[in-house]
Amino acid sequence: MHQPVFDDITVGTSPLGRDTRPGSPEEADAVATAIALLTGPFARVDTSNAYADGRSEEVLGTALAAVRERGERTTAEIVTKVDADPRTGAFDRDRVLRSYEESLARLGLERIGTLHLHDPYSVTTDQAFGPGGAVEGLRELRDAGAVDAIGIAAGPVPLMREYVATGMFDALLTHNRFTLVDRSASVLLEDARRRGMRTYNAAPFGAGILASGATPGATYGYRPAGAALTEWVERAERACAAHGISLRAAALHFSLRSPLVDSTVVGVSSPERLEQLVALRDVVVPDELWVELEGLGTAPSPLSDGEDAA
Ligand SMILES: NC(=O)c1ccc[n+]([C@@H]2O[C@H](COP(=O)([O-])OP(=O)(O)OC[C@H]3O[C@@H](n4cnc5c(N)ncnc54)[C@H](OP(=O)(O)O)[C@@H]3O)[C@@H](O)[C@H]2O)c1
């Protein structure tokens with residue numbers, strides 16, 4: 001039962017365990033998904049202290065314990081993130097250390113390989129980098145050997161560029177901004193490349209329309225896609241269909257083929273979705289399709305980082 005472990009895809013778990021109570025059938029389903037992710041073909045599982053109010057990490061911890069109990073081994077490493085205090089919004093050194101300890105307890109781990117600073121929107125960069133700030137906490141953990149690598153994981157490109165420019169981080173996670181629809185993170189990924197950082201590109205489907213297709217109510221980057229983007233996506237779907245390829249496959253391979261991306265972070269909500277992802281990874285996208293998709297022109301992304309902190 002030896003299966004290949006691929007590190008070009010990281011599986012994401014932001015909704016894992018949402019609305020589940022310990023011991024409920026819903027939790028059992030979530031644990032089954034987590035076991036599939038932890039013993040599956042992809043080398044990393046992405047979570048955070050805050051996902052599903054901590055339930056994502058708790059469910060992963062329950063799954064890890066179940067795998068160990070069976071005497072089996074996991075194939076995937078868990079990457080998590082420190083988050084602001086959910087009650088007060090505090091995001092300083094002390095909160096970073098507490099967040100890390102909470103994550104270890106929920107996951108049942110003694111250490112974490114990669115720990116990201118997640119969505120630091122409740123503090124200014126001066127606060128984050130100042131004495132007693134969040135970055136001090138992360139650096140302490142790395143200096144002590146409690147983590148191997150520290151990363152910055154957030155959305156707005158200008159903010160992310162500020163973090164990257166400090167040279168203090170080993171890894172970067174950007175989301176929804178390097179896809180078929182939105183390329184605004186290209187410059188950020190180039191910055192990170194120049195600095196030798198590991199790059200994660202999350203949400204290759206824009207968390208919606210590039211997986212669902214142009215359906216009513218479709219979203220991009222956690223907001224309504226809007227008529228203009230929906231029309232662009234319809235044209236992209238037709239171009240893909242003419243080559244016998246799904247839009248979903250093209251969206252995934254847009255990220256996988258980029259030399260700017262080390263690992264693409266895809267949300268996986270069930271064991272079936274995991275199987276579908278493995279099949280999508282195997283699709284070969286013909287070169288002509290990339291030319292045709294470029295020929296559709298710039299897609300109207302609903303994200304605009306000036307006003308957006310999602
Ligand atoms: N700031 C950050 O650090 C940050 C921000 C965003 C994301 N992330 C990470 O990146 C991960 C991925 O982001 P994401 O999940 O928001 O976006 P995503 O991976 O672009 O898209 C996930 C969506 O695509 C759908 N989908 C996936 N495979 C599908 C298939 N084969 N057929 C139909 N629909 C499919 C899923 O539907 P179903 O729900 O029906 O499966 C889900 O709605 C997150 O889970 C998280 O780990 C991190």
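Heads up: the sequence shown runs through residues 1 to 310, numbered per UniProt numbering. Here a beta-carbon is modelled for each residue, glycine too, at the ideal position from N, C-alpha and C.
Give the DSSP-derived three-state secondary structure of ILE245 in the structure shown.
-> The residue labelled residue 245 in the question sits at position 245 within the sequence shown. For ILE245, the three-state secondary structure derived from DSSP is coil.
Cβ-heavy atom distance between ALA63 and ligand 1 below 7 Å?
-> Walking along the sequence shown from the start, residue 63 turns up at place 63. Set against 7 Å, the gap from the CB of ALA63 to the closest heavy atom of ligand 1 is not smaller.
The segment 293–306 contacting the segment 171–184, beta-carbon criterion three pairs below 8 Å | By the Cβ rule, the segment 293–306 counts as touching the segment 171–184, because three or more pairs are nearer than 8 Å.
Start and end of the beta strand (DSSP E) containing GLU110?
-> Here the question's residue 110 lines up with position 110 in the sequence shown. Following the DSSP letters along the chain, one finds GLU110 in no beta strand (DSSP E), marked with neither H nor E.
Look at the Cβ atom of ALA134, then the Cβ atom of VAL79, and state whether they are nearer than 8 Å.
-> By one-based count along the sequence shown, residue 134 stands at place 134. By one-based count along the sequence shown, residue 79 stands at place 79. Cβ distance not < 8 Å, so ALA134 and VAL79 don't count as in contact.
For LEU117, the residue or residues it bridges with in DSSP = Counting from 1 along the sequence shown, the entry for residue 117 is found at position 117. Beta-bridge pairing links LEU117 to VAL82, ILE152.
So what's TYR163 in DSSP terms, helix, strand or just coil?
-> In the sequence shown, counting from the first residue as 1, residue 163 sits at position 163. Looking at TYR163 - three-state DSSP - the assignment turns out to be helix.
Please classify ARG55: is it buried, with 16 or more other beta-carbons within 10 angstroms of its beta-carbon, or exposed?
-> On the sequence shown, position 55 is the one that residue 55 refers to. Per the 10 Å Cβ criterion, buried.
Below 7 Å CB to CB, which residues in the same chain sit around GLU136 once its five sequence neighbours on both sides are set aside?
-> Position 136 of the sequence shown, counted from the first residue, corresponds to residue 136. Only ARG93 meet the Cβ criterion.
Exposed unless 16 or more other CB atoms sit within 10 angstroms - verdict on ALA242 | Locating residue 242 in the sequence shown gives position 242, where the first residue counts as 1. By the 10 Å Cβ count, ALA242 comes out exposed.
Report the residue from VAL5, PRO4, GLY12 whose alpha carbon sits nearest the alpha carbon of TYR200.
-> Mapped onto the sequence shown, residue 200 falls at position 200. The residue with the shortest Cα to Cα distance from TYR200 is GLY12.
Using a threshold of 7 Å, is the CB atom of VAL96 nearer than that to any non-hydrogen atom of ligand 1?
-> Locating residue 96 in the sequence shown gives position 96, counting from the first residue. No - ligand 1 has no heavy atom lying nearer than 7 Å to the Cβ of VAL96.
Tell me the DSSP bridge mates of SER263?
-> What you label residue 263 is simply residue 263 of the sequence shown in a count that begins at 1. Beta-bridge pairing by DSSP links SER263 to TYR200.
If you follow the alpha helix (DSSP H) that VAL31 is part of, which residue opens it and which one closes it?
-> Position 31 of the sequence shown, counted from the start, is the residue given in the question as residue 31. 25–38 is the extent of the alpha helix (DSSP H) around VAL31.
Span of the alpha helix (DSSP H) holding ASP7?
-> For this step, residue 7 is matched to residue 7 along the sequence shown. Taken as a continuous stretch (DSSP letters only), ASP7 belongs to no alpha helix (DSSP H), being part of the beta strand (DSSP E) at 6–12.
Flag this pair as touching only if the segment 66–76 and the segment 154–164 have three or more C-beta atom pairs under 8 Å; answer yes or no.
-> Put simply, the segment 66–76 does not touch the segment 154–164. Fewer than three CB pairs are less than 8 Å apart.
Does the segment 221–233 come close enough to the segment 278–286 that 3 or more CB-CB pairs lie under 8 Å?
-> Not touching, per the Cβ criterion.
In the DSSP assignment, find the alpha helix (DSSP H) that holds LEU188 and state where it starts and stops.
-> In the sequence shown, residue 188 corresponds to position 188, counting from 1. Segment 186–194, the alpha helix (DSSP H) holding LEU188.
Apart from the five residues just before and just after GLY108, which ones in its own chain have a Cβ nearer than 8 Å to its Cβ?
-> Position 108 of the sequence shown, counting from 1, holds the residue named residue 108. Beyond the five residues adjoining it in sequence on each side, GLY108 comes within less than 8 Å, by CB distance, of GLY61, LEU64, ALA65 in the same chain, given in chain order.
With burial defined as no fewer than 16 other Cβ atoms inside 10 Å of the residue's Cβ, what is the status of ARG111: buried or exposed?
-> For this step, residue 111 is matched to residue 111 along the sequence shown. ARG111 is exposed by the Cβ-count criterion.
Nearest-angstrom Cα separation, counted from GLY145 out to TYR100 = Counting from one through the sequence shown, the residue named residue 100 turns up at place 100. Counting from one through the sequence shown, the residue named residue 145 turns up at place 145. Taking C-alpha positions only, TYR100 is separated from GLY145 by approximately 13 Å.
Are the beta-carbon atoms belonging to VAL147 and ASP191 less than 8 Å from one another?
-> Position 147 of the sequence shown, counting from 1, holds the residue named residue 147. Position 191 of the sequence shown, counting from 1, holds the residue named residue 191. For VAL147 and ASP191, no; Cβs fall outside 8 Å.
Can we count VAL283 as close to ligand 1, meaning its CB is less than 7 Å from some heavy atom?
-> For the purposes of this step, residue 283 is identified with residue 283 of the sequence shown, where counting begins at 1. Flag unset: Cβ of VAL283 not near ligand 1.
Compare the beta carbon distance of THR39 and ALA30 with 8 Å and say whether it is the shorter of the two.
-> By 1-based counting over the sequence shown, the position of residue 39 is 39. By 1-based counting over the sequence shown, the position of residue 30 is 30. Between THR39 and ALA30, the gap from beta carbon to beta carbon reaches 8 Å or more.
Three-way DSSP call (helix, strand, coil) for GLU72 in this model = In the sequence shown, residue 72 corresponds to position 72, counting from 1. Reduced to three states, the DSSP call for GLU72 is coil.
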